[in-house]
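Chemist: Numbering (our numbering), first residue to last: 745 to 831.
Every residue, glycine too, gets a C-beta built ideally from N, C-alpha and C.
#1: Using DSSP with H/G/I as helix, E/B as strand and the rest coil, what is residue 811?
#2: Could you give the residue range of the alpha helix (DSSP H) that holds residue 802?
#3: Just reading off the alpha helix (DSSP H) that residue 769 is part of, what are its end residues?
#4: Would you call the CB atoms of residue 755 and residue 780 closer than 7 angstroms?
#5: Could you say which of 782, 798, 824 and 751 lies nearest to residue 807 if we only look at CA atoms?
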């Protein structure tokens with residue numbers, strides 16, 4: 745699933761800034777349910793990544809049974825941290 749598809753599916757818009765707080769909350773809840781049901785590793789990782797950026801991702805040990813997936817998630821977290829502007 746492409747990023748734009750996820751945005752439209754879960755939040756009803758391509759622009760998160762345009763989503764209401766209620767739409768964001770409902771979208772995150774819907775995404776968490778779908779994440780729990782998803783079997784495809786790549787799709788799960790994509791969903792987890794978006795949830796992480798929204799501050800709603802499950803902990804790595806809960807989200808990923810495979811150690812390689814957990815390591816990829818840690819690498820993603822590090823990459824996001826490096827890209828964040830310094831305060």
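Modeler: Looking at the atomic coordinates:
#1: The three-state reading of DSSP puts residue 811 in helix, counting H, G and I together.
#2: The continuous stretches of alpha helix (DSSP H) do not include residue 802, and DSSP gives it neither H nor E.
#3: Looking at the DSSP string, the run of the alpha helix (DSSP H) that includes residue 769 is 765 to 781.
#4: Contact flag unset, no.
#5: The shortest Cα separation from residue 807 among 782, 798, 824 and 751 belongs to 782.
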